[in-house]
Amino acid sequence: MKISLTKIEARLQSLVEGSVERLFPSNHRPTDLAQRLVGAMGANLQPNPDGQAMAPNLYTLQVHPSQVQSLAENRVLLDSLTQTLREAGAQAGVVFPAPPVVRVAGANKIHPGEVQVLAQNSLANLPETSDMVVETLSEPQAIPPEAFLIVDGTQIVPLTQTVINIGRRSDNHIVIDDPRVSRVHAQMRAINGRYVIFDLDSRGGTFLNGAPIHHSPLAPGDVVSLSGVPLVYGQDPVELGKTQDFIP
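Per the numbering used here, the sequence shown starts with residue 890, numbered consecutively.
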């Protein structure tokens, strides 16, 4: 599945490169739309009753309200993204509960040029992208209260968003300037009142309390390792000496 998802990302990336240049000013271009789409798909895969990997069918591109119209009016791009998700998902052995649809929505908390992808299941008979609805989204999931990460034993980062990207690249929500960490290494998502961490096909892997994982819910005191860089998850103020010992 990892190799197949990488192929999907490559197909999407070649599709969006030219359109992104036309839709966004040079200083406000999202550079990882394809990666975020594939990450949203892979992070939400669930087995269906037949044992197949089932992906969400509704993908909402959240952008700054000032850029909603230009993206929503590019029906060629959005129809192509939808078709590519459908075809590439089938080639990867991924099934959808209904034909996939890509929509656009404005979100006030998103900066110009940033794109967040919300993936969810909808069994409704959704219209194709040519009849897209543009709206302002509210927060889709409850954020765990007082949640934070202790990064590399030195920095405490409050967690206040439903989707948090972690990696070496400067446009991540949490930037870790360490060569061991991939450019976009992992993602945390608030799901049913808990944070779940997902490895985004990183080079060095993601580990939870010493064991390699693809995705896992987090509990206070858990130690996540991104290629050897420790992150301690908590939900109440604690002293550094009370965290779980990290063993490389």
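All C-beta atoms, glycine included, are put in the ideal place defined by N, C-alpha and C.
Since this is a predicted model, take the numbers as computed values, not measurements.
Of all C-beta pairs linking the stretch 1075-1092 to the stretch 1043-1054, three or more are shorter than 8 Å, placing the two stretches in contact. Contact holds between the stretch 945-954 and the stretch 983-1001, because three or more Cβ pairs, one in each stretch, are under 8 Å apart.
The residue among V927, P986, N963, G978 with its C-alpha nearest the C-alpha of P938 is P986.
Assignment of beta strand (DSSP E) within the stretch 1051-1105, counting only whole runs of 3 or more residues, yields 1052-1056, 1075-1080, 1083-1088, 1095-1097, 1100-1102 in chain order. In this chain, the alpha helix (DSSP H) harbouring S959 covers 957-961.
Beyond the five residues adjoining it in sequence on each side, P1106 comes within less than 6 Å, by CB distance, of R1083, V1085 in the same chain, given in chain order. The Cβ-Cβ distance between L1115 and V1046 does not fall below 7 Å.
Contact annotation: D1041 and V1118 have beta-carbon atoms nearer than 7 Å. Minimum Cα-Cα distance from D1090 among the listed residues L1097, G1099, H1104 corresponds to H1104. Considering only P1109, V1006, G1110, R1072, the residue with the shortest C-alpha distance to G1093 is R1072. Shown here for E1035: same chain residues with a beta carbon closer than 7 Å to its own, the five before and five after excluded, namely Q1124, D1125 in chain order. Spanning the alpha carbons of Q972 and A1108 requires a straight line of approximately 38 Å.
Membership of V1046 in the beta strand (DSSP E) is indicated by the continuous run 1044-1047. DSSP lists Q951 as the beta-bridge partner residues of Q1005. P1033 and Q1044 have their C-alpha atoms spaced approximately 19 Å apart.
In its chain, beyond the 5 residues on either side, Q1076, L1089 have a beta carbon closer than 7 Å to the beta carbon of G928. Here DSSP, grouped into helix, strand and coil, assigns A942 to strand.
Remark: C-beta atoms of L974 and P988 do not approach each other more closely than 7 Å.
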